[in-house]
RNA sequence: CGGGGCGUGGCGCAGUCCGGUAGCGCACUUGGCUGGGGGUCAAGUGGUCGCUGGUUCAAAUCCAGUCGCCCCGACCA
């Protein structure tokens, strides 16, 4: 266990916070619920962002930026959508401060009260659709495929680093289409991109499926999500893709002239993933030593630790290793030397805490053997390799680690996913082992709520590969309408 | 908003019950010896004890108020 990090077994929530703070991913901001994403955490986010941005652009989407502030009046436009966010909106009411009479502090200048209050976006559907109304007239203007990288604010009661902060970073895509089919296709295409991002880059296996009505996005016809299992067996909704139907078009009066020369409301989608993904990476792969970062997104993939008794040794060692560092850098491997004055043992622990996939140790012993030592973070393993094999081995190892942690996470999830046939069994699994429970559901909200109230478990999704045939509802005993995944969730 | 905990050098804490010189560990600075799993010795730097008011000769400590944070719940990505 790493010094100062609570073990997962003792308290998972505290472990999570400890790891994030001590590894330097993030820190608490001065305003309750806010978070400073520190350089190490931000680079991790940037790497995720870079991968996703490319996939979105490759599939025909373009980036744009819409304002942070939304007129309050926009929120009256779409009742259902507003209902979902009204309780957690930050509202700007004034635009000026003044010095207090005693000259000691500042206060809001009542003279500066705004005519119309302004909402800090909790999501951008309303402002984007107000603009789409201006931009869309004909089917020739469609599809409109815009993505935005932005910050949003949701004034949550309880927050947790990365998983739920008052302000967070995300991307939100907002698309407009001619037909329902096209919108549905887009919604699913994005879900598939999210699945790729999670599995291929974050090494985070996910279930894909559709949300139950009560869990779907405010104002959506259908919400699809990717759901991952964390190290404590709870579920994390890691990304959502919504088919909004014509709801927003109707709310904002966005019509277009169709190919048949008829006026119709456009069909919409919206979708997003956020810095929450970073929290997911921490919880899916992390252990008591700290982070375990997937090589593809790790800010540092190889950390070099020279073990030298004095400055002369250090020079000899660096001469030996410089070539490898250059070759790695040329191949795009993110490699860094820790030549600080800390002891080797300290560095080992430090970089394990930070989750660097490969550690390269080199001392005089290795220099004379023309070797380096490679240690991997995902398993306990150290090997000596010849200098001329080092770059190749590192390349292979990075690949292997990426695969291994994905498999490990998938195994863990599968081991903790069970099918149950009685409610007694259901409750037993949820309260004792935890994890995902696969079972029949009669499709009623009443059942969903009753189960949630009694067990805290919610329907994570109706998986694409599910089949309700011959299943009974776990709660009511009626014929099942869906086969679903239940779990306690973040 | 309910329950719990906590505010004392950068971080973690002791001291508060029973008022009397503000302390410990880590970190930090300088130098020496070290270096293959969180090294070591020496010398240093750093604090209006969350804030406001009260009691007192005297308040980190007692009293009243207030602000803030963390954890657990309800709500949520």
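Numbering (the numbering used here), first residue to last: 35 to 524. The beta carbon of each residue, even a glycine, is placed where N, CA and C say it ideally should be. Note that this is a predicted model, so its numbers are computed, not measured.
- Put simply, the backbone Cα of residue 442 is about 10 angstroms away from that of residue 412.
- By the criterion of a C-beta distance shorter than 7 angstroms, residue 477 is surrounded in its chain by 515, 516, once the five residues flanking it on both sides are discounted.
- Comparing alpha-carbon positions, the option among 308, 495, 133 lying closest to residue 206 turns out to be 308.
- If the five residues before and after residue 420 are omitted, its C-beta is found closer than 7 angstroms to the C-beta atoms of 404, 405, all from its own chain and listed in chain order.
- In this structure residue 54 is buried. Its beta-carbon is surrounded by 16 or more other beta-carbon atoms within 10 angstroms.
- In the displayed model, residue 327 falls within coil according to three-state DSSP, outside both helix and strand.
- The DSSP assignment places complete alpha helix (DSSP H) segments of no fewer than 4 residues inside the region 436 to 524 at 457 to 462, 479 to 489, in order along the chain.
- The alpha-carbon separation between residue 488 and residue 92 amounts to approximately 45 angstroms.
- When the five nearest sequence neighbours on each side are left out, the beta carbons in the same chain lying within less than 6 angstroms of the beta carbon of residue 507 are those of 474, 475, 476, 514, in order along the chain.
- Secondary structure note for residue 256: its beta strand (DSSP E) is the uninterrupted segment 256 to 263.
- About 14 angstroms separates the beta carbon of residue 460 from that of residue 494, a gap too long to meet the 8 angstroms contact definition.
- Judged by DSSP in its simplified three-state form, residue 242 adopts strand.
- Secondary structure at residue 319: helix, using DSSP grouped into helix, strand and coil.
- Across the set 524, 434, 293, 51, the C-alpha of 434 shows the shortest separation from the C-alpha of residue 234.
- Rounded to the nearest angstrom, the gap between the Cα atoms of residue 491 and residue 186 is 28 angstroms.
- Of 390, 197, 424, the smallest CA-CA separation from residue 396 is found for 424.
- No Cβ-Cβ contact shorter than 8 angstroms links residue 257 with residue 306.
- Assignment of residue 418 by DSSP, reduced to helix, strand and coil, places it in the strand class.
- Between residue 331 and residue 236, the beta carbon gap of about 7 angstroms places them in contact (Cβ cut-off 8 angstroms).
- In this chain, the beta strand (DSSP E) harbouring residue 290 covers 289 to 291.
- Contact between residue 314 and residue 270 holds: CB atoms are separated by about 5 angstroms, below the 8 angstroms threshold.
- The three-state secondary structure of residue 192, taken from DSSP, is coil.
- Excluding the 5 residues flanking it on each side, residue 103 has same chain C-beta neighbours closer than 6 angstroms at 152, in chain order.
- Counting only unbroken stretches of 3 or more residues, the beta strand (DSSP E) elements lying wholly within the region 80 to 110 are 103 to 105, in sequence order.
- About 6 angstroms separates the beta carbon of residue 197 from that of residue 310, a gap short enough to meet the 8 angstroms contact definition.
- When rounded, the separation of the alpha-carbon atoms in residue 82 and residue 59 is 14 angstroms.
- Contact check between the region 248 to 255 and the region 445 to 454: fewer than three CB pairs, one atom from each, fall below 8 angstroms, which does not count as touching.
- Under DSSP, residue 115 takes part in no beta bridge, so it has no partner.
- At least 8 angstroms separates the beta-carbon of residue 49 from that of residue 312.
- Contact between residue 277 and residue 303 holds, since their C-beta atoms are separated by about 6 angstroms, short of 8 angstroms.
- Note: residue 273 is bridge-paired with 260 in the DSSP secondary-structure output.
- Between residue 370 and residue 337 the beta-carbon gap is near 6 angstroms, inside 8 angstroms, which marks them as a contact.
- The alpha carbon of residue 149 has as its nearest neighbour, out of 380, 127, 101, 179, the alpha carbon of 127.
- Here residue 436 is buried. Its C-beta has 16 or more other C-beta atoms within 10 Å.
- Taking C-beta atoms under 8 angstroms as the contact rule, residue 115 and residue 252 qualify, at a distance of about 5 angstroms.
- In the three-state DSSP reduction, residue 158 falls in the coil class, being neither helix nor strand.
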